[in-house]
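Novice:
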Amino acid sequence: MFDRRVLCWHVDRRNFLKVLRILGSRYKRDLPAHIREDPFRTMIGCLLSTRTLDERTDIAYTALFSRYPTLESLLAADPEVVKELVRPVNFYATKAKRVLEAASYISKVHGGKVPRSRKCLLEVPGIGPKCADIILNYAFRKAAVAVDTHVEVVSKRLGVCSPEDSYDEAKKKIETLATKRELGRINDILVCFGKEFCKKRNPKCNICPVFFYCEWPEKFKAAKREPERYQGTEIRTKRAQDSAKTPDKSL
Ligand code: SF4
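Numbering-wise (the numbering used here), the sequence shown opens with residue 1163 and increments by one.
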């Protein structure tokens, strides 16, 4: 019987870098429409994207910027029209308000330019840690990891961070393990991997390219494989005292 107690929620750096190398060669940079353009558009795209599928965010984003292509035009926009344009996203009424508030703030406080520092970004109305990191990573190409749903699920299953970690704890652990070079692409890689294989529900562990580096105890069940065959190869026993913790099966 597979002994879950020997697991520890820790992955060593070498293995994580191997995972990134395997996945990095598999995925090319392929961003959704709402985060592939300039910093202001990326910021608005982030505001629209929370708790919404990328496909729906892209529809709202395209409609909004087709009608109001610049910051100036958005500042003069009718709030009711903005609300209608972003209707495809969840919580569209609140988000329409946030979009206009953020645009106004950027114009008044930063002269129309999105700030490049995390601290300043967090002061923009509606921008939280995840949005700030997405803007830094995608729009400014800075080495900042944005722990979105996919990054969180994948990194917790791989053992890079523990199921109880907060946003900041998970971000710090990922940033500590990866090299600066990888940090620039880590979001792309883990998001693509999360969408293709390591889905929150029904992950495709049976065909996962990094199965042997994954520390998620449920992977054998998900892949319908015999755990005993793999014991001693990928399951490390150091820090066994951590094993007393019951892993979160929902991830
Ligand atoms: S083995 Fe399964 S849980 Fe682990 S990384 Fe692969 S898809 Fe995700």
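Where is the CB? At the ideal position from N, CA and C, for every residue including glycine.
As the structure is a computational prediction, the values presented were derived from the model and not from experiment.
Pull up the CB-CB distance for V1251 and A1222, whole angstroms please, since I reckon it's below 8 Å.
Specialist: Contact holds; Cβ gap of about 5 Å.
Novice: Counting only the same chain and skipping the five closest in sequence on each side, list residues whose C-beta sits under 7 Å from that of G1186.
Specialist: Excluding residues within five positions, the ones whose Cβ falls inside 7 Å are R1347 and I1351.
Novice: For a test of your reading of the model: does the CB of F1302 fall under 7 Å from any non-hydrogen atom of ligand 1? Yes or no.
Specialist: No, since every heavy atom of ligand 1 falls outside the 7 Å radius drawn around the Cβ of F1302.
Novice: Measuring only from the beta carbon, is V1316 closer than 7 Å to any heavy atom that is part of ligand 1?
Specialist: The answer is yes for V1316.
Novice: Around the C-beta of N1368, are 16 or more other C-beta atoms found within 10 angstroms, so that it is buried, or is it exposed?
Specialist: So N1368 ends up on the exposed side.
Novice: Does ligand 1 have even one heavy atom less than 7 Å from the beta-carbon of C1354?
Specialist: The answer is no for C1354.
Novice: Can you grab the Cα-Cα spacing for the pair F1359 / A1340, in whole Å?
Specialist: One C-alpha to the other measures close to 21 Å.
Novice: With respect to 7 Å, is the separation between the Cβ of L1320 and the closest non-hydrogen atom of ligand 3 below this value?
Specialist: This structure lacks ligand 3; the ligands present are ligand 1.
Novice: Quick check on A1406: does DSSP put it in helix, strand or coil?
Specialist: In this prediction, A1406 scores a pLDDT of 41, lower than 50, which makes its location untrustworthy; the coordinate-derived value is nonetheless stated afterwards. The answer is helix: DSSP assigns A1406 an H, G or I state.
Novice: Comparing C-alpha positions only, which one of C1376, P1287 and I1184 sits nearest to K1318?
Specialist: With distances taken between Cα atoms, K1318 lies closest to C1376.
Novice: Can we count I1332 as close to ligand 1, meaning its CB is less than 7 Å from some heavy atom?
Specialist: Here residue 1332 turns out to be Ala, not Ile, going by the sequence shown. For ligand 1, not one heavy atom lies less than 7 Å from the Cβ of A1332.
Novice: Can you find the residues in the same chain that come closer than 6 Å, C-beta to C-beta, to P1371, ignoring five residues on each side of it along the sequence?
Specialist: Hits under 6 Å: I1184.
Novice: Report the rounded CA-to-CA distance for P1287 versus E1246, giving the unit in angstroms.
Specialist: Computed Cα separation, rounded: 21 Å.
Novice: Out of P1277, L1215, A1238 and R1218, state which residue places its alpha-carbon closest to the alpha-carbon of P1201.
Specialist: Of P1277, L1215, A1238 and R1218, the residue nearest in Cα terms is P1277.
Novice: For A1384 and F1227, what's the separation of their Cα atoms in angstroms?
Specialist: Whole-angstrom Cα-Cα distance: 42 Å.
Novice: Put T1395 into one of helix, strand or coil per three-state DSSP.
Specialist: Note that T1395 has pLDDT 45, beneath the 50 cutoff, so the model's placement of it is unreliable and the number below is only indicative. Of the three classes helix, strand and coil, the one that applies to T1395 here is coil, per DSSP.
Novice: When we look at the beta-carbon of W1171 and count the other beta-carbons within 10 Å, is it buried (16 or more) or exposed?
Specialist: Note that W1171 scores a pLDDT of 48, beneath 50, so its modelled location is shaky and nothing firm can be said.
Novice: Express the C-alpha separation of E1285 and R1166 in angstroms, rounding to a whole number.
Specialist: Note that R1166 has pLDDT 37, beneath the 50 cutoff, so the model's placement of it is unreliable and the number below is only indicative. One C-alpha to the other measures close to 43 Å.
Novice: Would you identify the three-state DSSP class for Y1254, choosing helix, strand or coil?
Specialist: Of the three classes helix, strand and coil, the one that applies to Y1254 here is helix, per DSSP.
Novice: Given this structure, state the Cα-to-Cα distance separating V1454 from R1229, to the nearest angstrom.
Specialist: Here the chain covers residues 1163 to 1413 and nothing more, so residue 1454 does not appear.
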